[in-house]
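To start, the structure under review is shown below, and the notes come after it.
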Amino acid sequence: DVQIALVPFGERALRHFMYLERPEGMPLEDAEGFAALGQMQPLTADDPQLTAGPEEWHTVGHLYRGIEAGLAHLVDRYGDAAVFIGPPKAQATTEVFEWPQLTAVTDLASASRAIEVIVEQGEGARGDWVNSHFGKFVGILEDYLAVRAADPSFEPARPVLPVFLRPPPDVDEPVLIADPLTRRVADLFNAVYEIVLQLQSRYFVHHGETADELETLARTVKHLMNWVMRYLGPVLTAHPVGPEYPGRTAGPAFEIVRPAFFVLPHREAAWKILRERLMTVGDVAEQLDREPGLTPVAGMAKNLHSFASDLGRHLDARAAKLSTGR
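Sequential numbering of the sequence shown, starting at 102, is according to our numbering.
This is the structure we're talking about:
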């Protein structure tokens, strides 16, 4: 299995990104500490399985080529109409999320085009990787090494550790936050991250939402990432882990309670929960704003309450229609 780890920005992180995004067939060593934990056992005709298992992949491009091959196999077996069975209107497109090249996937041809874009963005088009993700990581690493050569004391990131509020079940010897104020900031970060996942799951597995309501869900996801998490992260990484780790600051671990990011299936109940959660985290951000050194949180609290009001507007509109029988 490929190891996924939270590490500070620097040479090790860059080399790992390059390893994952490298063009297929390019020999490249992974960064230290990311070696695979085991090998996948290939499926054979003598050992068919009904349940899913781990897939073998060596690069991001390899992963997506495997997805493309799997889709092609299914279409060859069942046909386009039996494979791409979701409603086309449920697709996330540029019109809603405003991200270029975000197009609907409704058949094998459109799926192949989308995968081609992903692979070319990651590793480049047939060896031309200069402007791909891989090429950009190469350029960043070259600049980083040049700056370090000129100034060996240069560190582009804070001295963070990936830290947790409580011991997770899948991490050996986790570092727990001891500083009380840092714990509160980390708790807020995790709660906002959880709400982002809840909103995304509601958008992609919605039931009964209008086009305007779906646009509100998508907009709230984007704004939570751009207007809250983007600024809350630097606040967290400026705060200490605790006395056991002098000089080290807290890096977000993106903790979630896994069942909690589904708010399904009933629309009104889901929206009420989402509004309540946004109001709650907004109230907590407002309280943190009163703490020394946490003034940037004030703007986040205002945004969180604003997002809650956006969802409340739709709930009120629905309630008004029901009361008038319209």
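Even glycine gets a Cβ: it sits at the ideal position worked out from N, Cα and C.
Computed from a predicted structure; not experimentally measured.
- Scanning the region 228 to 272 from its first residue to its last, the whole alpha helix (DSSP H) runs of 4-plus residues come out as 234 to 251.
- Taking all protein chains shown into account, glutamate 199 has fewer than 16 neighbouring C-beta atoms within 10 Å of its C-beta and is therefore exposed.
- Sequence-distant Cβ neighbours of proline 366 in its own chain, meaning closer than 6 angstroms and more than five residues away, are His308.
- With distances taken between CA atoms, glycine 400 lies nearest to Tyr332 out of Arg259, Tyr332 and Val306.
- Buried is the label assigned to arginine 378, since at least 16 other Cβ atoms lie within 10 Å of its Cβ.
- If you check the CB distance, valine 358 and arginine 285 do not come in under 9 angstroms.
- Excluding residues up to 5 positions away in sequence, Asn404 lie with their Cβ nearer than 6 angstroms to the Cβ of tryptophan 328 in the same chain.
- Between alanine 370 and alanine 193, the C-beta gap is not smaller than 9 angstroms, which leaves the two residues out of contact.
- Sorting Glu157, Ile374, Ala351 and Lys422 by C-alpha distance to the C-alpha of proline 263 places Ala351 at the top.
- Cβ neighbours of proline 275 within its own chain (closer than 7 angstroms, five residues either side excluded): Phe265, Pro268 and Pro269.
- Secondary structure remark: continuous beta strand (DSSP E) runs of at least 3 residues inside the region 324 to 407, in chain order: 350 to 352.
- In its chain, beyond the 5 residues on either side, Leu107, Pro263, Val264 and Phe265 have a beta carbon closer than 7 angstroms to the beta carbon of alanine 354.
- Per the DSSP secondary-structure output, valine 276 pairs in a beta bridge with Val264.
- Scanning Gly111, Gly413 and Thr317 for the CA closest to the CA of arginine 259 turns up Gly111.
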